[in-house]
Amino acid sequence: MTHIPFPRQEDVTIGPFSVEHLLAESRAKLSRVDPHEALALQQQGGLIIDIRPQANRLAEGEIPGALTVERIVLEWRLDPAGHHRLEGLHPDRPVVLVCNEGYASSLAAAQAKALGLTRATDLAGGFRAWKAAGLPVTTAA
Numbered sequence: 002m003t004h005i006p007f008p009r010q011e012d013v014t015i016g017p018f019s020v021e022h023l024l025a026e027s028r029a030k031l032s033r034v035d036p037h038e039a040l041a042l043q044q045q046g047g048l049i050i051d052i053r054p055q056a057n058r059l060a061e062g063e064i065p066g067a068l069t070v071e072r073i074v075l076e077w078r079l080d081p082a083g084h085h086r087l088e089g090l091h092p093d094r095p096v097v098l099v100c101n102e103g104y105a106s107s108l109a110a111a112q113a114k115a116l117g118l119t120r121a122t123d124l125a126g127g128f129r130a131w132k133a134a135g136l137p138v139t140t141a142a
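Anchor point for the sequence shown: position 12 equals 13 in the working numbering, and the numbering is continuous, going up by one each time.
Here's what the structure looks like:
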């Protein structure tokens, strides 16, 4: 097997097809929330969905009441018209996606909006911002 090194930063040109461009496009579609806003949405009936891998949830904990959906099946679980959707999901219900630091969740939230979840967004700074804000964290089950 041939080893292919990652390109050096000075060899990379940021263009219209870079991950940075995709992230910026995704975030332009969102009204991102901070940890306290996410908590308020949850208290008003919104869903917080944790898309972090199990290893991160076990190591760092979880947001109480958050649903866990692995990233690999997220679109199927978030399709409001799909057979595999989360229970209680509908297009106008607030949905806050959470990853470690708020990057993957931005991409996922943009996909959720494209699926018809009009109030989908993500947590700026991710789970680590939630924890740093001193909000409740539970030990992963």
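All residues carry an ideal CB built from backbone N, CA and C; glycine is no exception.
Query                                                                                                                      : Result
Segment contact flag, the stretch 53-62 with the stretch 30-45, C-beta cutoff 8 Å, min 3 pairs                             : no
Reduced DSSP category for Leu-68 - H, G, I as helix; E, B as strand; rest coil                                             : strand
Nearest candidate by alpha-carbon position, reference Cys-100, set Thr-140, Gln-112, Phe-18 and Ala-130                    : Ala-130
Span of the beta strand (DSSP E), counted from its first residue to its last, around Ala-121                               : 121-123
Under the three-state DSSP convention, the category Val-138 falls into                                                     : coil
Neighbourhood of Leu-136 by C-beta, 8 Å cutoff - its chain only, sequence neighbours within 5 removed                      : Pro-36, His-37, Leu-40 and Ile-64
Gly-103, buried or exposed, once every other Cβ within 10 Å from all chains shown has been counted against 16              : buried
Alpha helix (DSSP H) segments (min. 4 residues) lying fully within the stretch 38-96                                       : 55-61 and 75-79
Beta-carbon proximity check, Asp-80 vs Arg-86, cutoff 8 Å                                                                  : yes
Cβ-Cβ distance between Gln-43 and Gly-66 below 8 Å                                                                         : yes
Cut-off 8 Å between Cβ atoms - residues of its own chain near Leu-68, not counting five sequence neighbours on either side : Leu-48, Ile-49, Ile-50, Asp-51 and Leu-87
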